[in-house]
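With the first letter of the sequence shown counted as 1, position 188 gets the number 188 in the working numbering; the numbers rise by one all the way through.
All C-beta atoms, glycine included, are put in the ideal place defined by N, C-alpha and C.
Notes for the one structure printed next.
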Amino acid sequence: MRNQNKINQLSRKTGHRRALLANLASALIEHKQINTTLAKGKALRRYVEPLITKSKSDTTHSRRVVFSYLQNKDAVTELFREVAPKVADRPGGYTRIIKTGFRAGDSAEMCLIELVDFNEIYTKEGKSAKTKTRRSRRGGSNKAAPAGGSDASKAEKQEEAKGKTEEPKEEAAATPEVTETKEAPKVEAKAEEKKEEADSSDSKEDKKESN
């Protein structure tokens, strides 16, 4: 009986089980995600996460301890060179297990186990969610506008100022036309008066000659 025995034997003896977990851990470190059964995934998480924590201190002792578990030089190099800097700020929980259904042959429950920091889909969604800002019912954002105003508002103010300065110029250009139109009838009236005077003088001269 396995009373109070938290270690899953995985139906294997000790040497076989250690070799299995070492191979799964090496594959996870090199490929960043692997598909396996749910029981093996849970056992692998308990096996590989202490090794990732150990890799945060890049010393000869830490490398030798990790190599004693993995027995794979390439996996140890990948762990200390690529994985450790990426998970340096994470205090634990380096892996994620996602259930993927049941295997067709024996209906074993399958899962995908992956390193959290190397999944670009989840990290991008997290960043986009952080950048979103809530809006109030009035339509404006909760954040107060800066004292100087945004670039768009500044541009609008500049355009309004330009429009105000340009309007008087247009009016000044339009005023001479109005004055010309008002002065034109006066000139015509004076010309008509001169013609009438000339006609009247001609008529008087004709009368004198006739007399």
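Review point. Expressed to the nearest angstrom, what Euclidean distance is found between the alpha-carbon atoms of residue 21 and residue 103?
Key: In a straight line, the C-alpha of residue 21 is about 20 Å away from that of residue 103.
**Study point:** Through-space distance from residue 110 to residue 143, alpha-carbon basis
**Key:** With a pLDDT of 49 at residue 143, under the threshold of 50, the predicted position of this residue should be treated as unreliable, though the coordinate-derived value follows. Rounded to whole angstroms, residue 143 to residue 110 spans 46 Å at the Cα level.
Practice item. Could you work out which residue in 53, 30 and 68 is closest to residue 87 when comparing CA atoms only? Key: Answer by Cα proximity: 53.
Practice item. Thinking residue 24 and residue 36 are a contact (beta carbons under 8 Å), I'd like their distance in whole angstroms, please. Key: The distance from the Cβ of residue 24 to that of residue 36 is about 7 Å, consistent with a contact at the 8 Å cut-off.
Practice item. Could you tell me which residues DSSP puts in a beta bridge with residue 33? Key: Looking at the DSSP output, residue 33 shares a beta bridge with 114.
Check your understanding: Residues in its own chain within less than 6 Å of residue 201 by CB, not counting five upstream and five downstream?
Key -> Cβ neighbours of residue 201 beyond the five flanking positions: none.
Point to revise | Reference residue 95; option with closest CA among 113, 192, 82 and 108 | key: In this structure, 113 is the residue among 113, 192, 82 and 108 with its C-alpha nearest to the C-alpha of residue 95.
Exercise for review: Determine the contact status of residue 55 and residue 19, defining contact as a CB-CB distance below 7 Å.
Suggested key: For residue 55 and residue 19, no; Cβs fall outside 7 Å.
Practice item. Under the assumption that residue 97 contacts residue 45 (Cβ atoms under 8 Å), give the Cβ distance between them as a whole number of angstroms. Key: 7 Å between Cβ atoms; contact.
Review point. Any idea if residue 7 is buried or exposed, counting beta-carbon neighbours within 10 angstroms, 16 or more meaning buried?
Key: Exposed, by the Cβ-count rule.
Review point. Quick one: is residue 72 buried, meaning 16 or more other Cβ sit within 10 Å of its Cβ, or exposed?
Key: Residue 72 comes out buried.
Review point. Do you know offhand how far residue 70's Cα is from residue 105's?
Key: Each residue's Cα considered, the two are about 30 Å apart.
Check your understanding: Less than 6 Å between the CB of residue 102 and some heavy atom of the ligand NAD, yes or no?
Key -> The ligand NAD is not part of this structure, which contains no ligands at all.
Check your understanding: Per DSSP, what kind of secondary structure is residue 180 in: helix, strand or coil?
Key -> Low confidence applies to residue 180: its pLDDT is 49, below 50, so where it sits in the model is not reliable enough to give any reading.
**Study point:** Sequence-distant residues of the same chain with beta carbon closer than 7 Å to residue 39, five excluded per side
**Key:** Here the set comprises 8 and 10.
Review point. Just to confirm, are residue 30 and residue 75 a CB contact at a threshold of 7 Å?
Key: Residue 30 places its beta carbon less than 7 Å from that of residue 75.
Check your understanding: What's the C-alpha gap between residue 5 and residue 79?
Key -> Approximately 30 Å, taken between the alpha carbons.
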